[in-house]
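Below: the structure, in structure tokens.
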Amino acid sequence: MQDQQHVQGQIQSEPRKSLLGQVIFSSRWLQLPIYLGLIVVQGVYAWKFLAQLWELLEGLNHLTETDIMLAVLGLIDVVMIANLLVMVTVGGYETFVSRLRIDTHPDQPEWLDHVNASVLKVKLSMAIISISSIHLLQTFINASRIDEHTIKWQLFLHLAFLLSAAAIAYTDKLLAGTTAHHQRD
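Take this note's numbering: the final residue in the sequence shown is number 783, and no numbers are missing along the way.
Structure, rendered in structure tokens:
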């Protein structure tokens with residue numbers, strides 16, 4: 599009898615779930631169409647990659663080494679953007695919507711084990727820097743055909759991406775240190 603009263607007391611003392619709280623928490627599912635849209639965009643990039651590859655193969659006999667290098671960098675750029683899409687889709691869904699529950703799948707990405715908003719930000723900023731680097735390399739290879747003003751702006755934007763990534767990483771390091779300090783106390 600006493601155990602039953604104890605359980606009833608616990609149930610009554612637990613805060614009731616508010617309808618507003620449930621609605622707010624359930625609103626995360628509004629992101630589902632966004633992530634499904636990113637999967638469609640992934641298909642668009644797969645098509646773009648195949649079209650660019652076909653174009654490269656068709657023109658192989660009359661392309662210069664520079665043209666081939668630019669085409670290959672264009673293909674790498676598409677791959678990097680596709681990888682960015684996968685990170686955003688998988689990591690974002692896992693972090694903000696629902697667990698994927700693929701822990702036992704042999705193809706589960708290694709980084710998914712420890713993904714959170716902070717890790718995702720750093721990985722995305724690194725991917726953006728990589729994509730920007732490919733664009734900058736294309737610009738430098740093709741510098742004779744591009745005006746100096748455009749080259750300067752691309753370099754400036756690349757440096758801004760680098761500084762932003764460094765700031766994000768530093769902020770995350772500070773936050774991790776603060777969290778570790780509070781957990782020890």
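Ideal placement from N, C-alpha and C gives every residue a C-beta, glycine not left out. Source: prediction; values computed, not measured.
For residue i, collect the residues of the same chain with a Cβ closer than 8 Å to its Cβ; drop the 5 residues on either side in sequence, then sort them by chain order.
i: Ala-680; result: Gln-640, Tyr-643, Ala-644, Phe-647
i: Leu-734; result: Gln-752, Leu-753, His-756
Taking the alpha carbon of residue i as the point to measure from, which residue in the options has its own alpha carbon closest?
i: Lys-719; options: Val-621, Pro-704, Val-676, Thr-769; result: Thr-769
i: Asp-675; options: Ile-739, Ile-744, Ile-732; result: Ile-732
i: Ala-758; options: Pro-707, Ile-726, Ser-696, Leu-655; result: Ile-726
i: Ser-696; options: Asn-714, Leu-761, Met-724, Leu-668; result: Asn-714
Output needed for residue i: all residues of its chain with C-beta closer than 7 Å, excluding positions within five of it in sequence on either side, in chain order.
i: Leu-636; result: Leu-683, Val-686, Thr-687
i: Leu-668; result: Gln-736, Ile-739, Asn-740
Since residue i is in the alpha helix (DSSP H), which residue starts that stretch and which ends it?
i: Thr-687; result: Counting along the chain, Thr-687 falls outside any alpha helix (DSSP H), and DSSP gives it neither H nor E.
i: Gln-736; result: 715 to 739
Could you check the C-alpha separation between residue i and residue j for me, to the nearest Å?
i: Val-717; j: Ser-728; result: 17 Å
i: Ala-765; j: Leu-753; result: 18 Å
i: Gln-650; j: Leu-673; result: 7 Å
i: Leu-655; j: Val-638; result: 26 Å
i: Asn-740; j: His-660; result: 18 Å
i: Met-712; j: Gln-706; result: As written in the sequence, residue 712 is His, which differs from the Met given in the question. C-alpha separation (whole angstroms): 12 Å.
i: Ser-611; j: Leu-617; result: Note that Ser-611 scores a pLDDT of 47, beneath 50, so its modelled location is shaky; the value from the coordinates is reported in the next line. Ser-611 and Leu-617: Cα-Cα distance of roughly 18 Å.
i: His-703; j: Ile-666; result: 38 Å
i: Leu-699; j: Ser-742; result: The sequence given here places Arg at residue 699; Leu does not occur at that position. C-alpha separation (whole angstroms): 51 Å.
Going along the chain, which residues of its own chain have a beta-carbon closer than 6 Å to the beta-carbon of residue i, five neighbours each way excluded?
i: Met-691; result: Per the sequence shown, the amino acid found at residue 691 is Tyr instead of Met. Tyr-633, listed in sequence order.
DSSP on residue i, reduced to helix/strand/coil?
i: Ile-700; result: coil
i: His-660; result: coil
i: Ile-744; result: coil
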